[in-house]
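Peer 1: For reference, the structure I am asking about is given below.
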Amino acid sequence: MRNEDRIRRYIAQEAARLMYEEGVGEYRDAKRKAARRFGSEKALSLGSHLPSNAEIHGELQRLINLHEEKVLPERLMRLRLAALGLMDLLSPFRPYLVGSVLTGAVTEQSDIDLHLFADSSEEVEEFLRREGIPFEQEVVTIRHGGEFIEYPHIYLDEEGVVVECTVYPLDAIHRIPKSSITGRPMERANEKKLRKLIVDTSQSTDKT
73 MRNEDRIRRY IAQEAARLMY EEGVGEYRDA KRKAARRFGS EKALSLGSHL
123 PSNAEIHGEL QRLINLHEEK VLPERLMRLR LAALGLMDLL SPFRPYLVGS
173 VLTGAVTEQS DIDLHLFADS SEEVEEFLRR EGIPFEQEVV TIRHGGEFIE
223 YPHIYLDEEG VVVECTVYPL DAIHRIPKSS ITGRPMERAN EKKLRKLIVD
273 TSQSTDKT
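My numbering runs 72 ahead of the 1-based position in the sequence shown.
This is the structure we're talking about:
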């Protein structure tokens, strides 16, 4: 194996470990943190030696399969049921589930990621206040091509699990964001699709 490939694999494994053991939530952050193990100056020069998000995801999935085989089905079902309940509550905002709870690559630190659609984030916030649901909010700036776009994020707590709701404009509901792992349109599920997934998974488990 070439030295460049060894470095790339090491960083992918270390980034996956950081996500699995320390709860680092973003591939970008885990990658940077892992690269710094080579030293700050060296990390800046690694360039193309840095692994893709897909490579890190593969290593993370390997760790989950290795250590979580017995508890993964119960944890995944619990998180999906929690997500379904929240989606029912937030149905006025046409929620979609995305991320690890949908794909199945969940760890003990995994959160629930929802995409909501509304005229404004204030509309969602007012709804939560009326329902008596505590929340925190921030604006996250994301770069798309050469353009920086601000997206409101609203954070809820569901029995100790962080729920991250990204609020998109209503007219963006048919524009599926690209996955940071594959670069293709991300997998997402509305309430009906998630409910079917839960039923199918439950029936499959009952047969084993």
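Note that CB positions come from ideal geometry on N, CA and C, so glycine has one too.
Small disclaimer: the values here were computed from a predicted structure and weren't measured.
(1) Mind checking N125: buried by the 16 CB within 10 Å criterion, or exposed?
(2) DSSP three-state label for P224, please.
(3) Mapping DSSP to helix, strand and coil, what is I214?
(4) Starting from T179, trace the beta strand (DSSP E) both ways and give me its first and last residue.
(5) Take A177 and list the residues in its own chain whose beta-carbon comes closer than 8 angstroms to its own, dropping the five residues that flank it on each side.
(6) For a quick check, are the C-beta atoms of I184 and V173 less than 8 angstroms apart?
(7) Among the candidates E127, R201 and A84, whose CA atom is the shortest distance from the CA of G255?
(8) Over the uninterrupted alpha helix (DSSP H) stretch that includes V233, give me the two end residues.
(9) Straight-line CA distance for D191 to P257?
(10) Check the C-beta distance from V175 over to E259 and give it rounded, since I have them as a contact under 8 angstroms.
(11) Which residue's Cα is closest to the Cα of P249: E86, Q85, V170 and R100?
(12) Kindly indicate which three-state DSSP category L266 falls into: helix, strand or coil?
(13) Would you mind giving the Cβ-Cβ distance between P123 and R80, rounded to the nearest angstrom? I have them listed as a contact below 8 angstroms.
(14) Between the Cα of M159 and those of E236, D243 and Q275, spot the shortest distance and give me the residue it belongs to.
(15) Considering only C-alpha positions, which residue in the set E203, N262 and I214 is nearest to Y223?
(16) Identify whether D77 lies in helix, strand or coil by the three-state DSSP scheme.
Peer 2: So, from the data block:
(1) buried
(2) strand
(3) strand
(4) Per DSSP, T179 belongs to no beta strand (DSSP E) and is neither H nor E.
(5) H129, L132, Q133 and I136
(6) yes
(7) E127
(8) No alpha helix (DSSP H) contains V233, which is instead part of the beta strand (DSSP E) from V233 to P241.
(9) 23 angstroms
(10) A small correction: the amino acid at residue 175 is Thr; Val does not occupy that position in the sequence shown. The Cβ separation is near 6 angstroms, so the contact holds.
(11) V170
(12) helix
(13) 5 angstroms
(14) E236
(15) I214
(16) helix
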